[in-house]
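Peer 1: This structure is in structure tokens; I'll ask about it shortly.
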Amino acid sequence: MSHLLEVKNLDVKFDTDEGRITAVENISLSVDQGEVLGIVGESGSGKSVTAKSIMKLNPGNTSYNEDAEIILDNENVLQFTSKQDLKKIRGGKVSMIFQEPMASFAPAIKIGAQMVEQLLIHKNINKEEAKSISINMLKRVGIADAEKRFNQYAFELSGGMRQRAMIAMALSTMPKLLLADEPTTALDVTIQAQVINLIKDIIKEYQMGVIFITHDLGVIAQVADHVAVMYLGSVVEKGPVNEILKNPKHPYTKGLLQALPDINNLDAPLSPIPGNIPSPLDRPTGCVFRTRCPHHNPEGKDGKIEMKLIEVEPGHWVDQCGIQCGQNG
Amino acid sequence: MDDNLISVNNVSVNFDYQENFISKKQKIHAVNNINIKIKKGSFFGLVGESGSGKTTLGRAILGANKISSGNVIFHDDERDYDLTDMNKQDLKEYRKKAQLIFQDPYAALSPRMTVRDIIAEPLEVMKITNSRQETDERVRDIASKCRLNIEHLRRFPHAFSGGQRQRISIARALVSNPKFIVADESVAALDVSIQADILNLLKQLQTELNLTYLFISHDLSVVAHVCDVVAVMYLGHIVEMGPSRELFKNPKHSYTKALLSSIPSIDPEKRSEAIELKGEIPSALNPPPGCVFRTRCPNPGVDCKGGEIKMGLIEVEPGHWVDQCCAL
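Order-wise, the sequence lines are chains A and U. First residue of the first sequence? That's 85 in this note's numbering, and the numbers climb one at a time after it. First residue of the second sequence? That's 1175 in this note's numbering, and the numbers climb one at a time after it.
Quick look at the structure:
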């Protein structure tokens, strides 16, 4: 069975004035139809860069490695160069929703006009049809007075409503894959709960694949089927959500879970992961986590163990250095 | 009475609002009739969604927002300061004793000043130290308490990560030796591992330097972890207040219950147990009469539906106060 999306051995590097930065190294992921893949990690771990690579949205100084493949619907996205081809993925087969909906809508164009515009680009329909599709979609995401909102500007909507409009816009072209980059981070908890339920309903209804990027493990537990934990551009652990959260093997995943305040266990101390995330300019050789790892084994500390995911349980992959460290602690 | 550091008595804060120059002047009721007492050495938490008035209340207590009615008393060792009745000299004294830590450590630090100058600025502005040597000593002392390296003092903020910058902001707030700190969403912009680090630091400094905190946050699990007493705000009112363990174990108000159930559980098997609140927080320009929460309340009573029950806290257990609409 082929996956909806398969990312194989992806490296992403940026050329900057200070030198070449490795943002993402040797990542392999897959998403099936109707499945939510959660990507978690701290800021600077390469989550957004990975997602943007799927739409080739990274800036001009980006270079991908030659043997990398991003296969979407049996086509390698990385081979696309013409505008025609890119248009097929950007907004067509793949849509993206962002953290800050205010920054994603043009402030001086009505929301309806923006929704219609993108539908006209991707679908072979006329303006009237596009308008009715858009209004129906706005209704579907729970916006009351959809006809009125259609003729309003982004600043006239509240935060939660703007995020709903953003979701409606992303879904109106019926993409096969939805990239959601921190879509609930800027929202209040009660609104976050509404938006999470909405996204779950819609995934079920339209059977699309979703990559859900967040730093919030609680949100991951609520929406994702599979999780990939990223640190400094590498996936250190991945597997089914239940496995990862209940039976974490890598010291970084364990650290993230221990740092999280749990409202059901107020006596547990908050234990931060020691140290700071290193600059991508001096990325450690070998295991990327070794500079902060609390239980490093001697070889891993010297950077002699290469990063390589090993399957410890069916579907549960852990970096090989992390398996040994995880057993120590 | 003496063990309170701050008493907030019937405080309201209104803002004037005029949509354009011909329309009628209106009042935004940002904070309504708030009564809180903050004990010395306590970690007082203020939670609520955006627009609930928590920041406005925090700023009013610091004297940074004008108080429309009511008063705030700061009980210092020798004397009491009444914030609504203060001359310039008193305000200067008060500023040394009450300080603010901001949310965004990227915006709060001037990019053109070295870390040493950033931390030293309050000392110079408030004329606390007499010589450069003394200033340097105090800067170094507080920097090491906030776990900053001495070498870091010569650098500029851009060289630091979010967690380190937040430690610089904390050092700057603490350098004048204050007694009372308002921490406004001070960990909201940080990654979880760094958030835990900063929370631990705040706790440690509290015992070391004898501090009292007003901790403003939208994140209930963080508040539950660090605070002793918590007040839940909604649309400018406190709807529930009490010792944090009691309040989180045994919430009485339907808004607190909904907030608690909305926290995404870390357990994938416990999905969608959230009490979903319909709609969004109403505008503070014309809040609903009676109980302000009734437009979104999942189980409104017969009386409160019509807005007949006025807002007002009732003590249901010792120290645990709930708005009367939900307590009845």
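All C-beta atoms, glycine included, are put in the ideal place defined by N, C-alpha and C. Computed from a predicted model, the values in this text were never measured in an experiment.
With a threshold of 8 Å between beta carbons, is S318(A) in contact with chain U?
Peer 2: no
Peer 1: For chain U, find out if any of its Cβ atoms is closer than 8 Å to the Cβ of L203(A); answer yes or no.
Peer 2: no
Peer 1: Alpha carbon to alpha carbon, how far is I193(A) from V1490(U)? Give it in angstroms, no decimals.
Peer 2: 52 Å
Peer 1: Taking beta-carbon pairs under 8 Å, can you tell me which members of the region 1308-1339 of chain U lie near chain A?
Peer 2: In summary, the residues of the region 1308-1339 of chain U whose CB is separated from some CB of chain A by less than 8 Å are S1335, G1336, G1337 and Q1338, in the order they occur in the chain.
Peer 1: On the DSSP bridge assignment, give the partners of L89(A) in chain order.
Peer 2: In the DSSP output, where bridge partners are listed per residue, L89(A) has V115(A) and L156(A).
Peer 1: Find the nearest neighbour of R1329(U) within the set I1208(U), V1289(U) and V1299(U), judged by alpha-carbon distance.
Peer 2: V1289(U)
Peer 1: Relative to the C-alpha of L316(A), which candidate in L344(A), D285(A), S129(A) and Y237(A) has its C-alpha closest?
Peer 2: S129(A)
Peer 1: Please classify R1321(U): is it buried, with 16 or more other beta-carbons within 10 angstroms of its beta-carbon, or exposed?
Peer 2: exposed
Peer 1: From E159(A) to D151(A), what does the alpha carbon distance come to, in whole angstroms?
Peer 2: 15 Å
Peer 1: Buried or exposed: where does P185(A) fall if 16 or more other Cβ atoms within 10 Å of its Cβ makes it buried?
Peer 2: buried
Peer 1: Taking only the alpha-carbon atoms, compute the straight-line gap between V1182(U) and C1499(U) and give it to the nearest angstrom.
Peer 2: 23 Å
Peer 1: How about S1197(U): is its C-beta nearer than 8 Å to some C-beta of chain A?
Peer 2: no
Peer 1: Do three or more CB pairs link the region 1244-1262 of chain U to the region 1196-1204 of chain U at distances below 8 Å?
Peer 2: no
Peer 1: Kindly give me the distance between the Cβ atoms of S1440(U) and L329(A), rounded to whole angstroms, as I take these residues to be in contact under 8 Å.
Peer 2: The sequence given here has Ile at residue 1440(U), not Ser. Between L329(A) and I1440(U) the Cβ distance is about 6 Å, and since that is below 8 Å, they are a contact.
Peer 1: Assuming Q1200(U) is part of the beta strand (DSSP E), what are its boundary residues?
Peer 2: Start and end: Q1200 to K1213.
Peer 1: Here's a check: name, in chain order, each residue in its chain whose Cβ is nearer than 7 Å to the Cβ of M1175(U), leaving out the five neighbours to either side.
Peer 2: Confidence is the limiting factor: at M1175(U) the pLDDT is only 48, short of 50, which leaves the residue's position unreliable and the question unanswerable from this model.
Peer 1: Going along the chain, which residues of its own chain have a beta-carbon closer than 6 Å to the beta-carbon of F1422(U), five neighbours each way excluded?
Peer 2: Counting only residues of its own chain and dropping the five nearest sequence neighbours on each side, F1422(U) has a CB closer than 6 Å to the CB of A1398.
Peer 1: Cα-Cα, which of Q276(A), T134(A), G176(A) and A190(A) is closest to L113(A)?
Peer 2: T134(A)
Peer 1: Across the region 1266-1285 of chain U and the region 1356-1364 of chain U, are there enough close Cβ pairs to call them in contact, namely three or more that are closer than 8 Å?
Peer 2: yes
Peer 1: Mind checking whether V96(A) and S137(A) have CB atoms under 8 Å apart?
Peer 2: A contact, by the Cβ cut-off of 8 Å.
Peer 1: Name the one or two DSSP bridge partners that V1496(U) has.
Peer 2: E1414(U) and I1488(U)
Peer 1: Are the CB atoms of S1350(U) and M1300(U) nearer to each other than 8 Å?
Peer 2: yes
Peer 1: May I ask you to list, following chain order, the residues of the region 1236-1267 of chain U that have a beta carbon less than 8 Å from some beta carbon of chain A?
Peer 2: none
Peer 1: Can you give me the start and stop residues for the alpha helix (DSSP H) that E1308(U) sits inside?
Peer 2: Here the alpha helix (DSSP H) through E1308(U) covers R1306 to K1319.
Peer 1: Compute the Euclidean distance between the alpha carbons of R376(A) and S1367(U), then round it to the nearest angstrom.
Peer 2: 12 Å
Peer 1: Can you find a C-beta in chain A that's less than 8 Å from the C-beta of P1438(U)?
Peer 2: Interface residue, yes.
Peer 1: Is the beta carbon of S256(A) sitting closer than 8 Å to the one on I217(A)?
Peer 2: yes
Peer 1: Do you know how far the Cα of D1291(U) is from the Cα of Q117(A)?
Peer 2: 56 Å
Peer 1: Give the straight-line distance between the Cα atoms of D1371(U) and H206(A), rounded to the nearest whole angstrom.
Peer 2: 48 Å
Peer 1: Measuring CB to CB, does L354(A) end up less than 8 Å from L301(A)?
Peer 2: no
Peer 1: In whole angstroms, give me the CA-to-CA distance for I1455(U) and G1225(U).
Peer 2: 8 Å
Peer 1: Taking DSSP as the reference, what is the three-state secondary structure of P1296(U)?
Peer 2: helix
Peer 1: Roughly how many whole angstroms lie between the Cα atoms of N55(A) and T1229(U)?
Peer 2: With chain A represented from 85 up to 413, any question about residue 55(A) goes unanswered, as that position is not in the structure.
Peer 1: List the residues of chain A that P1442(U) touches, going by C-beta distances under 7 Å, in chain order.
Peer 2: The answer, in chain order, is A305, V325, N326 and L329.
Peer 1: Which residues, in order along the region 254-276 of chain A, keep a beta-carbon less than 8 Å from a beta-carbon of chain U?
Peer 2: Taken in chain order, the members of the region 254-276 of chain A whose beta-carbon sits within less than 8 Å of a beta-carbon on chain U are D272, V273, T274, I275 and Q276.
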